Amino acid sequence: MSRLLEVTGLRARYGKIDALHGVDFHVERGEIVTLIGANGAGKTTTLMAISRARPPDGPRVKAGDIRHQGQSILGLAPEKVVSELNMALTPTGRRIFGNLTVGENLSLATYARRDDKAGIKRDYQRVYDLFPRLAERRRQRSESLSGGEQQMLAVGRALMSRCSFLLLDEPSMGLAPLLVQDMFRALQALNREGMTILLVEQNAKLALKFAHRGYVLSTGEIVASGPCAQLMDDPEVKKAYLGG
């Protein structure tokens, strides 16, 4: 049986700057896998390459392959990654539409599902059950939300695409500790329902407690990998990323 996602020998660049130097990792269905590393290590570049974001926002893949259930996706358009592979990216910085309401932001993600009115209605309720704050603010303009609420909206918007594989880029960035706990509890609930999650997270300790397996990126290369408990006990990982 093929892996849900397999990245092999991935080399990517922005313009003339090499960002990834032969990255290899995989994600099995139903797993939470995390990529940790310092700023500039290539974590976001990896997610952008998988989501097939076009330059200049996305990198150019120069070598290697990205396979979903055994099939290369390098020729796939970004919208097809969402509509055909059911993969959705929650990018760093959230990128919500501040002049639209919460409900309107969620509605945008249902464009490809226009004939699925019953399913869309169920998914609205699913998002509002998962993030009650969004239900309370569904008619508010999104620019008026707190940072934590905007992050909830970014995740909710991804869920409205009916994704089964969530790519998360720094979901805890800028959030108060209590909102971080709320966010990760919601993500754990999604995973228990069967959601596969690939997480990029600057807070390495949080990520390794949350995920099943992890990979450590350093200047565009994987330098360590394994079950998260094993990585948390690795002296080099502890010294470099866990404050000890």
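Numbering of the sequence shown is given in UniProt numbering, commencing with residue 1 and proceeding in unit increments. Glycine is no exception: its CB is placed at the ideal position from the N, C-alpha and C atoms. No experiment lies behind these values; they were computed from the predicted model shown.
Quiz item: residue 4 by DSSP, collapsed to three states: which one?
Solution: Position 4 of the sequence shown holds residue 4. Residue 4 falls in the coil class under three-state DSSP.
Quiz item: The beta strand (DSSP E) with residue 87 in it runs from where to where?
Solution: Along the sequence shown, read from residue 1 onward, the residue named residue 87 stands at position 87. 87-90 is the extent of the beta strand (DSSP E) around residue 87.
Practice problem: Please name the residue in 38, 47 and 110 whose C-alpha comes closest to that of residue 157. | Solution: Here residue 157 refers to the residue found at position 157 of the sequence shown. With distances taken between Cα atoms, residue 157 lies closest to 110.
Quiz item: Considering only residues of the same chain and omitting the five flanking positions on each side of residue 21, which have a CB-CB separation below 7 Å?
Solution: Translated into the one-based positions of the sequence shown, residue 21 becomes position 21. The beta carbon of residue 21 sits closer than 7 Å to those of 11, 220 and 221, all from its chain and outside the five residues before and after it, given in chain order.
Self-check item: Pick from 86, 232 and 51 that is closest to residue 113, judged by C-alpha positions
Solution: Residue numbering aside, residue 113 sits at position 113 when the sequence shown is read from its first letter. Residue 113 has its Cα closest to that of 86, out of 86, 232 and 51.
Practice problem: Quick one: give me the first and last residue of the beta strand (DSSP E) that residue 236 is part of. | Solution: Here residue 236 refers to the residue found at position 236 of the sequence shown. Segment 235-241 is the alpha helix (DSSP H) holding residue 236; no beta strand (DSSP E) there.
Quiz item: Between the Cα of residue 204 and the Cα atoms of 194, 183 and 240, which residue gives the shortest distance?
Solution: Here residue 204 refers to the residue found at position 204 of the sequence shown. Checked all of 194, 183 and 240; the closest Cα to residue 204 is 240.
Quiz item: Considering only C-alpha positions, which residue in the set 223, 211, 161 and 217 is nearest to residue 229?
Solution: Position 229 of the sequence shown, counting from 1, holds the residue named residue 229. Ranking 223, 211, 161 and 217 by CA distance to the CA of residue 229 puts 211 first.
Practice problem: Answer yes or no: do residue 77 and residue 61 have a C-beta to C-beta separation smaller than 8 Å? | Solution: Start at 1 with the first residue of the sequence shown, and residue 77 comes out as number 77. Start at 1 with the first residue of the sequence shown, and residue 61 comes out as number 61. No, the pair does not count as a contact, with Cβ atoms beyond the cut-off.
Quiz prompt | Residue burial classification, residue 167 (beta-carbon count within 10 angstroms, cutoff 16) | solution = For the purposes of this step, residue 167 is identified with residue 167 of the sequence shown, where counting begins at 1. So residue 167 counts as buried.
Quiz item: CB-CB under 7 Å to residue 103, same chain, minus the five flanking residues each way: which ones, in chain order?
Solution: The count along the sequence shown starts at 1 and reaches residue 103 at position 103. Here residue 103 has 138 and 139 as same chain residues with Cβ atoms under 7 Å from its own Cβ, once five neighbours each way along the sequence are excluded.
Quiz item: If we call anything under 8 Å between Cβ atoms a contact, is residue 199 one with residue 231?
Solution: As a working mapping, residue 199 is identified with position 199 in the sequence shown. As a working mapping, residue 231 is identified with position 231 in the sequence shown. In this structure, residue 199 sits away from residue 231, with a CB-CB distance that is not shorter than 8 Å.
Quiz item: Would DSSP call residue 146 helix, strand or coil?
Solution: Taking the first residue of the sequence shown as position 1, residue 146 is located at position 146. Residue 146 falls in the coil class under three-state DSSP.
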